[in-house]
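In the numbering used here, the protein residues as written are 3 to 176.
Idealized CB from N, CA, C, for every residue including glycine.
In this text, all values refer to a predicted model and were calculated from it rather than measured experimentally.
Everything below concerns the one structure shown next.
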Amino acid sequence: MRKIKNLELRIKNSETGFTLLELLIVIAIIGVLAALLMVNFMSVRERSRDAQRKSNLRQIQSALELYRADEGNYPESLKNCSSLGDGDLGNSDCSTFYMKKIPTDPRGSTYYNSGDYYYGTKENGYALVACLENINEQASETALDSVSDYTGYFPNNPPATCTTSNKYYVLTDL
Numbered sequence: 003m004r005k006i007k008n009l010e011l012r013i014k015n016s017e018t019g020f021t022l023l024e025l026l027i028v029i030a031i032i033g034v035l036a037a038l039l040m041v042n043f044m045s046v047r048e049r050s051r052d053a054q055r056k057s058n059l060r061q062i063q064s065a066l067e068l069y070r071a072d073e074g075n076y077p078e079s080l081k082n083c084s085s086l087g088d089g090d091l092g093n094s095d096c097s098t099f100y101m102k103k104i105p106t107d108p109r110g111s112t113y114y115n116s117g118d119y120y121y122g123t124k125e126n127g128y129a130l131v132a133c134l135e136n137i138n139e140q141a142s143e144t145a146l147d148s149v150s151d152y153t154g155y156f157p158n159n160p161p162a163t164c165t166t167s168n169k170y171y172v173l174t175d176l
């Protein structure tokens, strides 16, 4: 019995905790890892929203092409039928809808242009423009300057609206 007590006493005396320095090092390592993961997570969210913007423009482009096939030209505005209120694309007498709700920017009205994409027309063509968040994102091959003379939904011209560090994604009928 005495041996067991001595053994218990030795075990209790030999237990040591972590030193303050060891705890600080572990906390610092966890902090650095958390910071690295947060930066990567923010980049993933930007890329995801940019992919959504590109997809939205392609959907609008498809609706515009259907509109042109039926009407022979492109509409002056994306929101040409006011019956739905959310922004829609219908034929000239609003009896046929090519897109019942025009998609808006994934960040909503707080990002740029109240969340709407830029749309402009020129002769028998159009341009759709979105501002991308991720500066490393693949921009479109169409230069933004080539659509600056389009008339329509280009308030203040897109370069004045998006920050200079952002890229533009431009879709045209060409």
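For residue i, which residues does DSSP report across the bridge?
i    : result
F99  : G92
V131 : Y120 and V172
Could you check the C-alpha separation between residue i and residue j for me, to the nearest Å?
i    : j    : result
K102 : C96  : 11 Å
D107 : F20  : 51 Å
T174 : L38  : 39 Å
A129 : K169 : 16 Å
S50  : R109 : 11 Å
V131 : N58  : 11 Å
E24  : M40  : 25 Å
G87  : I62  : Confidence at G87 is low in this model, with a pLDDT of 46, below 50, so its placement is unreliable and the value that follows should be read with caution. Answer to the nearest angstrom: the Cα atoms are 17 Å apart.
Q54  : L80  : 19 Å
Considering residue i, what are the terminal residues of the beta strand (DSSP E) in which it resides?
i    : result
L173 : Y170 to T174
Skipping 5 residues on each side, what residues in its chain have a beta carbon closer than 6 Å to that of residue i?
i    : result
L35  : none
A162 : The pLDDT assigned to A162 is 47, lower than 50, so where the model puts this residue is not dependable; a value taken from the coordinates is nonetheless given after this. If we look at A162 and ignore the five residues flanking it on each side, it has no Cβ neighbours.
Could you pull out every residue in the same chain whose Cβ sits closer than 7 Å to the Cβ of residue i, ignoring the five residues on either side in sequence?
i   : result
E48 : E135 and N136
S85 : In this prediction, S85 has a pLDDT of 49, which is less than 50 and means its spatial position is unreliable; what the coordinates show is noted afterwards. Within the same chain, S85 has close Cβ partners C96.
D52 : L134, E135, N136 and E139
Since residue i is in the alpha helix (DSSP H), which residue starts that stretch and which ends it?
i   : result
E73 : L22 to E73
Would you be able to state if there are at least three C-beta pairs under 8 Å between the region 61 to 76 and the region 37 to 44? Too few Cβ pairs lie closer than 8 Å, so no.
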